[in-house]
Amino acid sequence: MKKNIITIFMSAIAFVGAVILPQQASAQEDDKVWSIGPEVGINLAKYGDDGSDSKFKTGILGGGFLTYSIRNTHAFTGKVLFSQKGAQDDDGDEKQTLNYIEVPVIVRLFFNRDGAFRPNLFAGPSFGFLTGVRNKIGDGDYEKLDDYGDFYNTFDFGVTAGLGFNYECSPGTRILIDARYTHGLTDISKASNTSIINQAIGITAGISFGI
21 MKKNIITIFM SAIAFVGAVI LPQQASAQED DKVWSIGPEV GINLAKYGDD GSDSKFKTGI
81 LGGGFLTYSI RNTHAFTGKV LFSQKGAQDD DGDEKQTLNY IEVPVIVRLF FNRDGAFRPN
141 LFAGPSFGFL TGVRNKIGDG DYEKLDDYGD FYNTFDFGVT AGLGFNYECS PGTRILIDAR
201 YTHGLTDISK ASNTSIINQA IGITAGISFG I
């Protein structure tokens, strides 16, 4: 299953790259645009593999991005995000939140390239750095797990892909909406008899400023 997912994502990236590279070679300097901005939204996260019977829980997703666009046809975006992942049980009585600094690096392919409204597809790798773990049981408060590094791998590599929309509300300024799925490829559990991966659906809204 995991090999199939990797193959699908890598094929998507290769396809986008095949479209981008020939155009990039002929792009002129004044066709290239940098932009920067903030974004904020939510994650719907759960565990996969041995944790596949877990249920989605909501978390915070937000941060900033830097984008390099070429001829309104494609773009390269790097993001630095605070991303809450984790899961909950069937009844929602037990919840776990994993806080990550997440760095996705994505390639975008734009459609309706000359219009103010531009849908786009994107895909790329995502790098996660675990910064904290909190557990909640029943009606109690969340409790911080201080020694989380003894139980969880602090680095999580995954792949992400999704659909985005942006609208130019004024010259050089765009409103952005992204919906993406991120699939972890790293076993985040250090337990020898358990394999857990992160899965998350993220929805964000942001604003982009040309620089």
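Be aware that the sequence shown starts at 21, since it is given in my numbering, and climbs by one per residue. Glycine included, each C-beta is placed from N, C-alpha and C at the ideal position.
Alpha-carbon to alpha-carbon, residue j and residue i
i: residue 59; j: residue 90; result: 22 Å
i: residue 139; j: residue 149; result: 30 Å
i: residue 151; j: residue 198; result: 24 Å
i: residue 145; j: residue 97; result: 11 Å
i: residue 95; j: residue 195; result: 16 Å
i: residue 182; j: residue 141; result: 6 Å
i: residue 188; j: residue 119; result: 33 Å
i: residue 53; j: residue 201; result: 27 Å
i: residue 170; j: residue 162; result: 19 Å
Given residue i as reference, the closest of the options once Cα atoms are compared
i: residue 73; options: 217, 223, 230 and 231; result: 217
i: residue 55; options: 65, 86, 210 and 79; result: 86
i: residue 133; options: 104, 186 and 201; result: 186
i: residue 126; options: 220, 88, 214 and 169; result: 88
i: residue 167; options: 158, 154 and 101; result: 154
i: residue 227; options: 192, 170 and 142; result: 192
i: residue 122; options: 137, 180 and 159; result: 180
i: residue 158; options: 135, 114 and 220; result: 114
Reduced DSSP category for residue i - H, G, I as helix; E, B as strand; rest coil
i: residue 162; result: coil
i: residue 25; result: With a pLDDT of 49 at residue 25, under the threshold of 50, the modelled position of that residue is not reliable, and the figure given next carries that caveat. DSSP places residue 25 in helix when its eight states are reduced to three.
i: residue 68; result: strand
i: residue 135; result: coil
i: residue 176; result: strand
i: residue 182; result: strand
i: residue 192; result: coil
i: residue 170; result: helix
i: residue 112; result: coil
C-beta atoms of residue i and residue j nearer than 8 Å
i: residue 112; j: residue 79; result: no
i: residue 63; j: residue 108; result: no
i: residue 82; j: residue 100; result: no
i: residue 147; j: residue 93; result: no
i: residue 215; j: residue 69; result: yes
i: residue 222; j: residue 57; result: no
Short CB-CB distance (under 8 Å) between residue i and chain D
i: residue 169; result: Given the protein chain composition of this structure (a single chain), no chain D is represented.
Fill in: Segment contact flag, the region 168–187 with the region 195–207, C-beta cutoff 8 Å, min 3 pairs
yes
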